[in-house]
Amino acid sequence: MTHPAPTDIKAKRADGVLQITWPDGRVVCYPFKGIRIACACASCVDEFTGKRLLDPASIPDDIGIESMALVGAYAVRIRWTDGHDTGLYTWERLRSISGCGDA
């Protein structure tokens with residue numbers, strides 16, 4: 443199932459959250475650390491077994507977003523302050539991650 447793209451996406455660096463406004467009007471804030479830990483790229487999750495390779499304790503509490511870029515109409519690529527930038531966060535994946543609720 444294809445999920446529609448957000449109508450707005452902002453890195454609120456001072457708050458440490460990614461704020462996404464979805465087409466249904468819901469505004470959700472995702473803590474940076476939680477999104478970074480949820481990365482599903484091949485460096486963070488074994489592509490054959492699905493075993494998590496990333497140790498959540500290795501992610502600093504003050505992890506931040508350096509930059510973001512839309513990937514087609516289905517995802518966002520995030521460059522993190524720890525240098526990681528290989529994960530694609532699809533709209534479907536972001537909708538499945540628990541955020542902080544409505545902003």
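Position one of the sequence shown corresponds to residue 443 (our numbering), numbered consecutively onward. Even for Gly, the Cβ is constructed at its ideal location relative to N, Cα and C. Since the model is a prediction, treat every value here as computed from it, not as a measurement.
Asked                                                                                             : Found
ASP457 to ILE451 span [Cα, whole Å]                                                               : 14 Å
Beta-carbon proximity of LEU496 to ILE507, cut-off 8 Å                                            : no
Proximal residues to ALA499 (C-beta, below 7 Å), its chain only, five neighbours per side dropped : none
Selected residue, minimal CA-CA separation from GLU489, among GLY525, GLY529, GLN461              : GLY529
Residue range of the alpha helix (DSSP H) that includes TRP533                                    : 533-538
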